[in-house]
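Enquirer:
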Amino acid sequence: MENSAALTLLERLSKAFTELQARRDASSGDKVQWKEVEEHFCKLDAVLKEKFIQLEAKEKELEQKELKISLLIAERKAAVAAKEQEMLDRVQELKDVAIAAITAVASISASHQQANSVPVDDESRDKGNKILFSNSLAMENKWKLFVLFMHSNSLKDFLLFLY
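Once you know that position 23 of the sequence shown is 224 in my numbering, the rest is easy, because the numbers rise by one and skip nothing.
1) Entirely within the stretch 257 to 291 and at least 4 residues each: give me those alpha helix (DSSP H) ranges in chain order.
2) Alpha carbon to alpha carbon, how far is A283 from K252? Give it in angstroms, no decimals.
3) To the nearest angstrom, report how far apart D226 and Q255 are at their CA atoms.
4) Quick one: is A302 buried, meaning 16 or more other Cβ sit within 10 Å of its Cβ, or exposed?
5) Assign V248 to one of two classes, buried (16 or more other C-beta atoms within 10 Å of its C-beta) or exposed (fewer than that).
6) Straight-line CA distance for I270 to E240?
7) With a threshold of 16 other CB atoms inside 10 Å of the CB of N204, please say whether the residue is buried or exposed.
8) Using the beta-carbon count (16 or more within 10 Å), is V281 buried or exposed?
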């Protein structure tokens with residue numbers, strides 16, 4: 202009996218050892234798979250970190266481009282505003298020249314009419330007609346010059362010419 206008990210115990214021990222061996226083999230297979238999974242995730246982590254660094258660099262580059270573009274836009278807006286103001290000043294200058302010319306011509310015309318309204322004798326009338334004719338030519342020439350000066354840039358020259 203002792204023998205059979207020892208045999209049974211030996212058989213059980215052999216079975217347990219075989220089972221343990223099988224589990225160890227299965228466990229070592231799992232270890233290999235686990236290491237492969239761990240390596241895969243380490244590689245994936247490294248790739249993601251690299252992409253993150255690249256994206257941060259692109260983001261900084263885009264921010265710099267955006268800053269440059271916004272500065273360019275601000276410069277161009279300032280240039281446009283300056284041009285607008287320059288053109289408005291030029292238009293105002295031309296308006297002032299036109300008003301000064303019209304005022305000058307009106308005063309010349311008014312003084313001319315006053316000179317013509319005075320009764321004169323025949324000799325004075327002949328002189329008056331000559332003066333009237335020369336004044337109308339002068340006025341016509343002034344109008345022509347006015348048009349020329351309107352197309353020029355020199356307000357100062359025009360006003361000096363009138364006076």
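The beta-carbon is built from N, C-alpha and C at its ideal position, and this holds for glycine as well.
Expert: Reading off the structure:
1) none
2) Cα-Cα distance, rounded: 46 Å.
3) 44 Å
4) buried
5) exposed
6) Rounded to whole angstroms, I270 to E240 spans 45 Å at the Cα level.
7) exposed
8) Exposed, since its Cβ has fewer than 16 Cβ neighbours within 10 Å.
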